[in-house]
Structures are given as C-alpha cells and as structure tokens.
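Here's the structure we're looking at; comments come further down.
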Amino acid sequence: MKTRSTQIPDDPAKPKAAATDRTFAILELVASASGPLAVKTIGATLGLPKPTAHRLVNGLIDKGLLARDLETRDVIIGVEAARLAVGILRASLSRAPVRSVLRAVSAELGETCNVGVLDGGDVVYLDRVEVEHWPLRLQFGVGSRVPMHCTAMGKLFLATLPDGMRSRLLASGPFSAQTAHTFTDPDALAAELERIAARGYSLDDEEYVVGVFCVAVPILSSMGRTVAAIAVQAPKVRLSHDRVEQVLPILRRGAEALSAQFG
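Note that our numbering numbers the sequence shown so that position 142 is 1148, with each residue one more than the last.
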C-alpha cells in the first residue's frame, strides 16, 4: 500500500500547534489509506518518533476519532470521525450549487433523487429532492438512515469497500428481509455485489420497499474513491430495468458535478 510521505517537524516554540498539526496529519493519513494502517507505518510516514506516534494514536482512539481493526489491530477511522465527516458533508450540501445539481438531475429525470453517504452500517441521506407527483408517502428526509444490504446506495457502498471489510460485513448475515425480493443470504448478496462492482452502478428492485425501483451511481473523490452516491427513486410502474440505460448518463453527469463538493 502506498502512503504519502509527510514530514511533521518538531517546533519547540509551538508545542501545542505542533501536536495539533501531527493529530490532523494522522487523521488525514488514516482517512486516505486504502486499508488499516499499523502505528509503525503512521510514524514512519509522518516522521514521528515511535513513542509520539503511539501516544497520539492512542489519544485519538480514546476520543473515538480512530479505532482498532478487529482482526489486525491496526488503525482505522473511528465512529466519531465518521460522524463528524457526515455532519460536514451534510452542511456542505446545503449550499446552493450542490442543491441546484440535485434539482437539475431530478428535473431531467422527472423523478425523486437522493444523495447519501455511508455512516457505520447504514446509508445516511444528505439531501433529497422529491417530485410533486411522487405517490408514495416515504419518510426519507435529510438525515434518514436506510440499510446497506437492500438499498441501491447501500449495495453500491458495500461493493466498493475493501475486500476484508466487505467480507466481515457479509459474515454478519443472514440479513433481514424487508420484502420478498431482499437479498438475505450472504452468498447471494456477495454475488450481487460482484455484479455491481463490475458494471459500476447499483439497483434496488423492490428490495427495500414494495413497488419502488432505484438506480444509484457513485460520487468519486479526486482520488477515485467512492465517497457518496446519487440515486433516482421511483414507483416501478415508471422506473424499471427498461429505463436503466436511459437514466444512467444523467445520474453520472450529476455525480461528476457533485464530486468536487466531496473532495
């Protein structure tokens, strides 16, 4: 795994500032890594003495900003850092340029559109534009949480997770059946995730709500990682497999326009 070398020099005159710089450098390094990082790797990459690296990492773990991977005991992003990231993204989406992109996509498709991110084991809706002729009373406002295994955005996030993390989540099955179409068997869901990874988009064919069909595509960071997703959601009488190829270019243009907002 390649990591960026960033030297954090000592500054005896500004010990508090130096500690803050090192803390943010550690968080940035772990957040941008493709998998768990050993404390030794963190220290070597940032030029930190071993005792300093352990002290800072343990302090971040105590605050929930970092955590230990259950298998390797290496360092991953913690729950509190993930919650902070979700809050920041939600605030950024309230800006007019972002909202206008989602409105434009919804208007072009003539259907309800959502933007969401992965937070722990759920998908969190950061924004939603609902069309006036939406006939179903679904309580999916900003901040709503939906499961990963039976939603288009959730399965998309699962499909793009590192192999080890995805395997651990699949091993937690079987999964609850929301409808008769929900993937509940881990092996069947794993096969579905392989299909999603290969084609680059995800579908929810009445897997979460009866009569509702969804299509989701990833919103990529500048490094090519899936950081969020945009999805269209509609009654199956208006959106089904027959319209997927029609809606994909529109969703992908929206995802590209939104990608800059997620860094």
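Ideal Cβ placement from N, Cα and C applies to all residues, glycine included.
Query	Result
Simplified DSSP state of F1219, which is helix, strand or coil	strand
Enclosing alpha helix (DSSP H) for S1182 [first to last residue]	Unbroken run through S1182: none, as it is neither H nor E.
T1118 versus A1050 - alpha carbon distance	48 Å
Residue span of the alpha helix (DSSP H) that contains T1051, given as start and end	1045–1052
Where G1260 falls, given that 16 or more other Cβ within 10 Å makes a residue buried	buried
Option nearest Q1267 by Cα separation, candidates R1151, Q1239, L1226	L1226
Cβ-Cβ distance between K1242 and E1212 below 8 Å	yes
DSSP three-state assignment for V1129, whether helix, strand or coil	strand
Residue closest to N1120, alpha-carbon to alpha-carbon, out of M1171, R1231, V1223	V1223
8 Å contact criterion, which I1048 and A1059 should meet: CB distance rounded	6 Å
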